[in-house]
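Student: Below is the structure I would like to discuss, written out as structure tokens.
Numbering (the numbering used here), first residue to last: -16 to 448.
Okay, here's the thing in structure tokens:
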């Protein structure tokens, strides 16, 4: 069986301990200040605060010496984007590199959280708050790194761009603007995304693997609606819109899409399984060598961190129904979000869902414009630069290309013809990944450990030989 070639050997080593000097460095303090300001600003879609965050980051960059014309705040509707150019030395001929991230976050209800979601709090081991992982970690680290390099007098051999979107978690209108409407960004050789990828730790804190996101699934959302004449609640009837919709939801819950695979996903499972060991690792390895092994596929399907790499998934995420407590519902609607495996089309998934629901009276409405994006084949210079950054923290940990089960801005840049890889500085146990959920957090060791991550990568890819 053909496998993707990995450039780096495997060795499991514990996380490096960071000294007090590293934690107290000027770069660490600045990065933490930026991080705190970002987390305490609620940039969920209803708040309209991405403009405020873009202006704040622009101010930080201009104060560090970036020319005003090289730092752009781009309002679009209720959101805003930020583009900042780090100019190359005169005569540079290499195509630019884009560094991606998003300033917005998903909603967080303070009443549900153990800690205030829009305040950066901490204990001995973690920073807590909405966006601490997704994606204010990447935004803070990239911005602070650009400032640090500027202070060091670094002059890149090619233009570097910070490209921060404002509504990645919702409509991606700013993402589409950046990917499709900016000729200067379209000239990029490639993009590096801070919003995915990163290292996996086991329960004991040892590094298992570093993942380079080279592809992602298609994001598609439908609203399914059951309708009914309704009536008075004192005169119930068998054909109730909520009953009809509940049956449809139950059918979706019971259905599992067929197993899918690619050479990249099989290579990822083979090598990760060999490193991980145990029951789960064995299932990964068996799946890698025989993806038709139903028992192995079923075992992986029980793992939220891995089911998305084995098949298309669709899940209900929101509900609304009825108009009065004493009236029979005239409509009931469920939002179903799907992450579609490359090769499965949006139309095919809709046909399958209609068959699964089994009720022609249920209306299907596709929301937005789903984006199908290609795989970005890895290139040696990028892998070598990322490997140098990773190995400064976890020597000899293996780098593996993988497919993201979620969706990021990267899909639009790939579709626009810009190869894109996600290479976050985060190292953590996937079981502690609470992005989009309650009590989102990031290990403090990971925050401080990532302080040199982007600096090393940038100097390797855009520094003087």
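Built from N, CA and C at the ideal position, the CB exists for glycine as well.
Quick caveat: nothing in here was measured; it's all calculated off a predicted structure.
With distances taken between CB atoms, is the gap from residue 211 to residue 222 smaller than 8 Å?
Tutor: Yes, the pair counts as a contact, with Cβ atoms nearer than the cut-off.
Student: What residues in its chain sit with their C-beta under 7 Å from that of residue 61, if we drop five residues either side in the sequence?
Tutor: 31.
Student: Drop a sphere of 10 angstroms on the beta-carbon of residue 52, count the other beta-carbons inside from all chains shown, and report buried for 16 or more, exposed for fewer.
Tutor: Classification for residue 52: exposed.
Student: Output the distance between the C-alpha atoms of residue 27 and residue 448, rounded to the nearest integer angstrom.
Tutor: Using only the alpha carbons, I get a separation of about 42 Å.
Student: Please state if the CB of residue 276 and the CB of residue 269 are separated by a distance shorter than 8 Å.
Tutor: Cβ atoms of residue 269 and residue 276: closer than 8 Å.
Student: Hey, how far is the Cα of residue 138 from the Cα of residue 264?
Tutor: Between residue 138 and residue 264, the C-alpha separation is close to 45 Å.
Student: For residue 357, which residues in the same chain have their Cβ closer than 7 Å to its Cβ, ignoring the five residues on either side in sequence?
Tutor: Excluding sequence neighbours, residue 357 sits near 397.
Student: Starting from the Cα of residue 379, find the closest Cα among 385, 388, 217, 369 and give me that residue.
Tutor: Per the Cα distances, 369.
Student: Straight-line CA distance for residue 168 to residue 81?
Tutor: Roughly 7 Å between the two C-alpha positions.
Student: CB-CB under 6 Å to residue 442, same chain, minus the five flanking residues each way: which ones, in chain order?
Tutor: Cβ neighbours of residue 442 beyond the five flanking positions: none.
Student: Measure the Cβ-Cβ separation of residue 146 and residue 161 and say whether it is below 8 Å.
Tutor: A contact, by the Cβ cut-off of 8 Å.
Student: In this structure, how does DSSP classify residue 438 when only helix, strand and coil are distinguished?
Tutor: Residue 438: helix per DSSP, three-state reduction.
Student: Mind checking who residue 176 pairs with in its DSSP beta bridge?
Tutor: According to DSSP, residue 176 bridges with 83, 405.
Student: Using three-state DSSP, classify residue 69 as helix, strand or coil.
Tutor: Note: residue 69 maps to strand in three-state DSSP.
Student: To which residues of the same chain is residue 209 closer than 6 Å at the C-beta, ignoring the five residues directly before and after it?
Tutor: Answer for residue 209: 224, 227, 228, 315, 345, listed in chain order.
Student: How far does the alpha helix (DSSP H) with residue 139 in it reach, from first residue to last?
Tutor: Note, residue 139: premise wrong, no alpha helix (DSSP H); not H, not E.
Student: Residue range of the alpha helix (DSSP H) that residue 231 falls in?
Tutor: Per DSSP, residue 231 belongs to the alpha helix (DSSP H) from 224 to 237.
Student: Count Cβ pairs between the stretch 105 to 113 and the stretch 171 to 180 that sit closer than 8 Å; are there 3 or more?
Tutor: They do not touch, by the three-pair rule.
Student: Taking the straight line between their C-alpha atoms, what separation do you get for residue -1 and residue 180?
Tutor: The predicted model places residue -1 with a pLDDT of 39, which falls under 50 and marks its position as unreliable; any figure quoted below should be read in that light. For residue -1 and residue 180, the distance between alpha carbons rounds to 20 Å.
Student: How is residue 215 classed by DSSP in three states: helix, strand or coil?
Tutor: Strand.
Student: Return the Cβ separation of residue 198 and residue 359 in integer angstroms, given the expectation that the two are a contact with Cβ distance under 8 Å.
Tutor: With 8 Å as the limit, residue 198 and residue 359 qualify as a contact, their Cβ atoms being about 7 Å apart.
Student: Buried or exposed, going by whether 16 or more other CB atoms sit within 10 Å of the CB of residue 423?
Tutor: Per the 10 Å Cβ criterion, buried.
Student: Just to confirm before moving on: does the CB-CB distance between residue 36 and residue 101 stay below 8 Å?
Tutor: No. Outside cutoff.
Student: Quick check on the burial criterion: 16 or more other C-beta atoms within 10 angstroms. Buried or exposed for residue 411?
Tutor: When all chains shown are included, residue 411 counts as buried.
Student: Which whole runs of the beta strand (DSSP E) in the stretch 261 to 349 are 3 residues long or more, in chain order?
Tutor: Listed in chain order, the complete beta strand (DSSP E) runs (minimum 3 residues) inside the stretch 261 to 349 are 296 to 304, 314 to 323.
Student: Quick one: using the 10 Å Cβ neighbour count with 16 as the cut-off for buried, is residue 303 buried or exposed?
Tutor: So residue 303 counts as exposed.
Student: Buried or exposed, going by whether 16 or more other CB atoms sit within 10 Å of the CB of residue 33?
Tutor: Buried.
Student: When the Cβ atoms of the stretch 286 to 299 are set against those of the stretch 228 to 241, are three or more pairs found closer than 8 Å?
Tutor: Segments in contact, yes.
Student: When the Cα atoms are used, what is the spatial distance from residue 289 to residue 64?
Tutor: Looking at the two C-alpha atoms, the distance is approximately 32 Å.
Student: If the criterion is Cβ atoms closer than 8 Å, does the pair residue 251 and residue 383 meet it?
Tutor: The answer is yes: Cβ separation under 8 Å.
Student: How long is the line joining the alpha carbons of residue 95 and residue 25, rounded to whole angstroms?
Tutor: If you take the alpha carbons of residue 95 and residue 25, they lie about 16 Å apart.
Student: Do three or more CB pairs link the stretch 84 to 99 to the stretch 414 to 431 at distances below 8 Å?
Tutor: The stretch 84 to 99 is in contact with the stretch 414 to 431.
Student: In angstroms, rounded to a whole number, what distance separates the CA positions of residue 218 and residue 313?
Tutor: Using only the alpha carbons, I get a separation of about 14 Å.
Student: Mind checking residue 414: buried by the 16 CB within 10 Å criterion, or exposed?
Tutor: When all chains shown are included, residue 414 counts as exposed.
Student: May I ask which residues mark the beginning and end of the alpha helix (DSSP H) holding residue 120?
Tutor: It spans 119 to 134 - the alpha helix (DSSP H) in which residue 120 sits, taken as one unbroken run.
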